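Protein chains in written order, with the working numbering: chain H, 4 to 278; chain A, 4 to 278.
No residue lacks a Cβ here, since even glycine has one placed at the ideal position from N, Cα and C.
Predicted, not measured: the structure shown is a model, and the values here were computed from it.
Here the structure is laid out as structure tokens; the discussion comes afterwards.
There are 2 protein chains.
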Amino acid sequence: MELWYTEKQTENHGITSKITRTLHTEKSEFQDIAVIDTVEFGRMLTLDGLVMTTIRDEFVYHEMITHLALNTHANPKKVLVVGGGDGGAIREIIKHPAVEKATLVEIDGRVIEVSKQYLPEIAGALGDPKVEVLVDDGIKHLADKADTYDVICIDSTDPIGPAEGLFAADFYQSVYRSLKEDGIMVAQTESPFFNAGLITRVNKDISEIFPITRLYLAAIPTYPSGLWSFTMGSKKYDPLEVDETKIPEYPTKYYSPRIHKSVFALPKFVEDLIK
Amino acid sequence: MELWYTEKQTENHGITSKITRTLHTEKSEFQDIAVIDTVEFGRMLTLDGLVMTTIRDEFVYHEMITHLALNTHANPKKVLVVGGGDGGAIREIIKHPAVEKATLVEIDGRVIEVSKQYLPEIAGALGDPKVEVLVDDGIKHLADKADTYDVICIDSTDPIGPAEGLFAADFYQSVYRSLKEDGIMVAQTESPFFNAGLITRVNKDISEIFPITRLYLAAIPTYPSGLWSFTMGSKKYDPLEVDETKIPEYPTKYYSPRIHKSVFALPKFVEDLIK
Numbered sequence: 004m005e006l007w008y009t010e011k012q013t014e015n016h017g018i019t020s021k022i023t024r025t026l027h028t029e030k031s032e033f034q035d036i037a038v039i040d041t042v043e044f045g046r047m048l049t050l051d052g053l054v055m056t057t058i059r060d061e062f063v064y065h066e067m068i069t070h071l072a073l074n075t076h077a078n079p080k081k082v083l084v085v086g087g088g089d090g091g092a093i094r095e096i097i098k099h100p101a102v103e104k105a106t107l108v109e110i111d112g113r114v115i116e117v118s119k120q121y122l123p124e125i126a127g128a129l130g131d132p133k134v135e136v137l138v139d140d141g142i143k144h145l146a147d148k149a150d151t152y153d154v155i156c157i158d159s160t161d162p163i164g165p166a167e168g169l170f171a172a173d174f175y176q177s178v179y180r181s182l183k184e185d186g187i188m189v190a191q192t193e194s195p196f197f198n199a200g201l202i203t204r205v206n207k208d209i210s211e212i213f214p215i216t217r218l219y220l221a222a223i224p225t226y227p228s229g230l231w232s233f234t235m236g237s238k239k240y241d242p243l244e245v246d247e248t249k250i251p252e253y254p255t256k257y258y259s260p261r262i263h264k265s266v267f268a269l270p271k272f273v274e275d276l277i278k
Numbered sequence: 004m005e006l007w008y009t010e011k012q013t014e015n016h017g018i019t020s021k022i023t024r025t026l027h028t029e030k031s032e033f034q035d036i037a038v039i040d041t042v043e044f045g046r047m048l049t050l051d052g053l054v055m056t057t058i059r060d061e062f063v064y065h066e067m068i069t070h071l072a073l074n075t076h077a078n079p080k081k082v083l084v085v086g087g088g089d090g091g092a093i094r095e096i097i098k099h100p101a102v103e104k105a106t107l108v109e110i111d112g113r114v115i116e117v118s119k120q121y122l123p124e125i126a127g128a129l130g131d132p133k134v135e136v137l138v139d140d141g142i143k144h145l146a147d148k149a150d151t152y153d154v155i156c157i158d159s160t161d162p163i164g165p166a167e168g169l170f171a172a173d174f175y176q177s178v179y180r181s182l183k184e185d186g187i188m189v190a191q192t193e194s195p196f197f198n199a200g201l202i203t204r205v206n207k208d209i210s211e212i213f214p215i216t217r218l219y220l221a222a223i224p225t226y227p228s229g230l231w232s233f234t235m236g237s238k239k240y241d242p243l244e245v246d247e248t249k250i251p252e253y254p255t256k257y258y259s260p261r262i263h264k265s266v267f268a269l270p271k272f273v274e275d276l277i278k
């Protein structure tokens, strides 16, 4: 018997991947959580039937939601991840020697526990002494954290379900307040091919709050269309003014100092989304 | 009744897309040719069951297999496309005013005819007076064409079936001979995620023949992994030494002067393939 997992990434298009077995399924307070073992991408975490991460291609997303901001900020000591219960963003953040404390605020504690159990390569860093793990609503967490963080990464699920509020202008205002005077935020902002309207709207919202707004892209095979966007809002530092030759080499597989600026050079149809 | 087209892009992973109807199927002398109408990507041409191009995302591939080389060459008058029977590469090539003659050499005349009938947005340029269409084997065509072309684009199918010979070192030798003294070739060279070995081998072969070899990437949703590579071999001009500010704006949707150099900045795992 052949088992295939199929995700309808849009109403009319999706990916399909052969699996060897289902390792875990549960319905948490917030969502359906599953871990399946795929032949092509290894273990895969899905939430409400959508691929969150896989062993084989997780490096792209986790490196790209973190290192751009961290290598743009002059001294990122306190870093917050909102969402990101699998721990992959945290793993990348603590590669930076400047980081003194990395805080994870994940609304669904079960995502953290399931990731620790089934995706230890990704979640392993959650036990690091520099890491603080909070099971809480990111929106609530930021409400009383004025002037606290150097970098905030919004590592959310799609803008339906529990993460909807993480794509709202009000939330970006709250993020702005919680950042120090030279702070930087970065959010995953979906696919330019399938979520053009969202990218335009988020870019507008963030640029009305932050003096510097930058969109960049990365290639993620298991995400819709394979092309993914991230939007950065910065109070002071411009990622395009970083001296790439001074960025140290970290143990990464996608990010490197040599792509730090090039990922902001956008295909014309993506440029047009944020004009 | 819902109809879905599923392509196994590897043995264990693929895409699936809802279709409204099958517009055409035939078995030509060389391969199975089909045109289906998908809801997400519009009309889609498949050869031997693999997606060649779709109305919605064809712009990426066709712009990216042509404009990089054409804007690197100082004066591309005579341009050859090997394969590319859908006509999309030719459409982009004749956007360049320097081009006096664009020749298409496609082994399967039925691909040309089917594309003209069902994909006129892509194949329409094949009727342009600057365009010469030859139904012939690209390898045979080049055999007696020493010192003839300024740019040669190898717009092939995958390296199995009719296009196998277009990925061989012997063929690249022949391409070298057929280029003028400052000529440039570019070939589509599959996905860095799924065809790593091929990219490494082709890069080595081309760099043993051409003084300048450069790999670049583009995001194509309907191609395996969504990330696609192109390998350029150049006798004289280096795409990285082009003055981007002097590249004119063409009517394109993906390529722009602003990404001309950035697409050569490679994710670390891709850099590692060609070290």
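- Message: Could you check whether the stretch 186-197 of chain H touches the stretch 63-83 of chain H, counting it as contact only if at least three pairs of C-beta atoms, one from each stretch, sit closer than 8 Å?
- Response: yes
- For a contact meaning CB atoms closer than 7 Å, what does residue 265 of chain A contact in chain H? Here residue 265 of chain A corresponds to residue number 262 of the second sequence, with the count starting at 1. Residues of chain H passing the Cβ test: 265 and 268.
- Query: Using a Cβ-Cβ distance under 8 Å, would residue 15 of chain A count as near chain H?
  - Reply: Stepping through the second sequence from its first residue, residue 15 of chain A is reached at position 12. True, the Cβ-Cβ gap to chain H drops below 8 Å.
- Query: Just the Cα atoms here: how many angstroms apart are residue 210 of chain H and residue 117 of chain A?
  - Reply: Taking the first sequence and counting its residues from 1, the one referred to as residue 210 of chain H is at position 207. Taking the second sequence and counting its residues from 1, the one referred to as residue 117 of chain A is at position 114. Straight-line Cα distance between these residues: approximately 47 Å.
- Query: Any idea which residues DSSP pairs residue 29 of chain H with across the strands?
  - Reply: One-based indexing of the first sequence puts residue 29 of chain H at position 26. Beta-bridge pairing links residue 29 of chain H to H:36.
- Message: Please report the straight-line C-alpha distance between residue 147 of chain A and residue 84 of chain A, rounded to a whole angstrom.
- Response: In the second sequence, counting from the first residue as 1, residue 147 of chain A sits at position 144. In the second sequence, counting from the first residue as 1, residue 84 of chain A sits at position 81. Going from the Cα of residue 147 of chain A to the Cα of residue 84 of chain A covers about 16 Å.
- Three or more beta-carbon pairs under 8 Å between the stretch 251-264 of chain H and the stretch 251-262 of chain A, yes or no? no
- Query: What first and last residue would you give for the beta strand (DSSP E) that runs through residue 105 of chain A?
  - Reply: In the second sequence, residue 105 of chain A corresponds to position 102, counting from 1. Element bounds for residue 105 of chain A: 104-109.
- Message: Any beta carbon of chain A sitting closer than 8 Å to that of residue 118 of chain H?
- Response: Against the first sequence, residue 118 of chain H aligns to sequence position 115. With 8 Å as the cut-off, residue 118 of chain H does not count as an interface residue toward chain A.
- Query: Does the pairing of the stretch 216-231 of chain A with the stretch 58-74 of chain A give three or more beta-carbon distances under 8 Å?
  - Reply: yes
- Item | C-beta atoms of residue 24 of chain H and residue 44 of chain H nearer than 8 Å | To locate residue 24 of chain H, count along the first sequence from 1; it is residue 21. To locate residue 44 of chain H, count along the first sequence from 1; it is residue 41. No. Outside cutoff.
- Query: What residues from chain A crowd round residue 224 of chain H, counting only those whose CB sits closer than 9 Å?
  - Reply: Taking the first residue of the first sequence as 1, we reach residue 224 of chain H at position 221. 16, 194, 196, 197, 227, 228, 229 and 230, listed in chain order.
- Task: Assign residue 243 of chain H to buried or exposed, taking buried as 16 or more other Cβ atoms, counted over all protein chains shown, within 10 Å of its Cβ.
- Result: Numbered from its first residue, the first sequence carries residue 243 of chain H at position 240. When all chains shown are included, residue 243 of chain H counts as exposed.
- Could you give the distance in angstroms between the alpha-carbon of residue 267 of chain A and the alpha-carbon of residue 206 of chain A? Reading the second sequence from its first residue, position 264 is the one you call residue 267 of chain A. Reading the second sequence from its first residue, position 203 is the one you call residue 206 of chain A. Cα to Cα, the separation comes out at about 14 Å.
- Task: In the DSSP assignment, find the beta strand (DSSP E) that holds residue 86 of chain H and state where it starts and stops.
- Result: Taking the first residue of the first sequence as position 1, residue 86 of chain H is located at position 83. Run containing residue 86 of chain H: 81-86, per the beta strand (DSSP E) assignment.
- Indicate whether at least one CB of chain H lies closer than 8 Å to the CB of residue 20 of chain A. In the second sequence, residue 20 of chain A corresponds to position 17, counting from 1. Yes, contact with chain H.
- Burial state of residue 52 of chain H (16 or more Cβ within 10 Å): Numbered from 1 along the first sequence, position 49 holds the residue referred to as residue 52 of chain H. Exposed.
- Per-residue contacts from residue 294 of chain H into chain A (C-beta, under 9 Å): In the structure as shown, chain H starts at 4 and stops at 278, and residue 294 of chain H therefore has no counterpart that could be examined.
- Hey, does residue 64 of chain H have any beta-carbon neighbour from chain A nearer than 8 Å? Taking the first residue of the first sequence as position 1, residue 64 of chain H is located at position 61. False, the Cβ-Cβ gap to chain A never drops below 8 Å.
- Message: Taking the beta carbon of residue 30 of chain H as the centre, do at least 16 other beta carbons fall within 10 Å, making it buried, or is it exposed?
- Response: Your numbering for residue 30 of chain H matches position 27 in the first sequence. Counting Cβ neighbours within 10 Å, residue 30 of chain H comes out exposed, since fewer than 16 surround it.
- Task: Helix, strand or coil for residue 226 of chain H, going by three-state DSSP, please let me know.
- Result: Start at 1 with the first residue of the first sequence, and residue 226 of chain H comes out as number 223. Of the three classes helix, strand and coil, the one that applies to residue 226 of chain H here is coil, per DSSP.
- Using only alpha-carbon positions, find the residue among H:135, H:130 and H:181 that is nearest to residue 150 of chain H. Within the first sequence, the letter at position 147 stands for residue 150 of chain H. Among H:135, H:130 and H:181, the Cα nearest to that of residue 150 of chain H belongs to H:181.
- Local conformation of residue 59 of chain H per DSSP, three classes: Here residue 59 of chain H is taken as the residue at index 56 of the first sequence, counted from 1. Here residue 59 of chain H sits in coil by DSSP.
- Query: Got a sec? Which residues, its chain only, sit under 8 Å from residue 46 of chain A by beta carbon, not counting five neighbours each side?
  - Reply: As a position in the second sequence, residue 46 of chain A is number 43, starting the count at 1. So the qualifying residues of the chain are 26, 38, 39, 40, 57, 58, 121 and 122.
- Task: Identify which residue in H:132, H:109 and H:113 has its Cα closest to the Cα of residue 98 of chain H.
- Result: Numbered from its first residue, the first sequence carries residue 98 of chain H at position 95. Per the Cα distances, H:132.
- Message: Let's test the definition: count the other Cβ atoms within 10 Å of the Cβ of residue 61 of chain H and tell me whether it reaches 16, buried, or not, exposed.
- Response: Taking the first sequence and counting its residues from 1, the one referred to as residue 61 of chain H is at position 58. Buried, by the Cβ-count rule.
- Task: Output yes or no for whether 8 Å exceeds the beta carbon distance between residue 195 of chain H and residue 102 of chain H.
- Result: By 1-based counting over the first sequence, the position of residue 195 of chain H is 192. By 1-based counting over the first sequence, the position of residue 102 of chain H is 99. No, the pair does not count as a contact, with Cβ atoms beyond the cut-off.
- Would you say residue 258 of chain A reaches chain H, if we count a Cβ-Cβ gap shorter than 8 Å as a contact? Here residue 258 of chain A corresponds to residue number 255 of the second sequence, with the count starting at 1. True, the Cβ-Cβ gap to chain H drops below 8 Å.
- For residue 28 of chain H, is the classification buried or exposed, using 16 other Cβ atoms within 10 angstroms of its Cβ as the cut-off for buried? For the purposes of this step, residue 28 of chain H is taken as the residue at position 25 of the first sequence. Label assigned to residue 28 of chain H: exposed.
- Mapping DSSP to helix, strand and coil, what is residue 248 of chain H? In the first sequence, counting from the first residue as 1, residue 248 of chain H sits at position 245. Here residue 248 of chain H sits in helix by DSSP.
- Amino acids of chain A, ordered along the chain, whose beta-carbon sits closer than 7 Å to that of residue 272 of chain H: By 1-based counting over the first sequence, the position of residue 272 of chain H is 269. Those within 7 Å of residue 272 of chain H in chain A are 256 and 257.
- Could you name the residues of the same chain whose beta carbon sits closer than 7 Å to that of residue 10 of chain A, not counting the 5 residues immediately before and after it, in chain order? Counting from one through the second sequence, the residue named residue 10 of chain A turns up at place 7. Correct list, in chain order: 17, 18, 52, 53 and 54.
- Message: According to DSSP, simplified to helix, strand and coil, what is residue 50 of chain H?
- Response: Position 47 of the first sequence, counting from 1, holds the residue named residue 50 of chain H. Correct three-state label for residue 50 of chain H: strand.
- Under 7 Å Cβ-Cβ, which residues of chain H neighbour residue 43 of chain A? Here the question's residue 43 of chain A lines up with position 40 in the second sequence. In chain order: 13, 15 and 16.
- Item | Option in A:237, A:15, A:246 and A:249 with minimal Cα separation from residue 156 of chain A | Numbered from 1 along the second sequence, position 153 holds the residue referred to as residue 156 of chain A. Among A:237, A:15, A:246 and A:249, the Cα nearest to that of residue 156 of chain A is on A:237.
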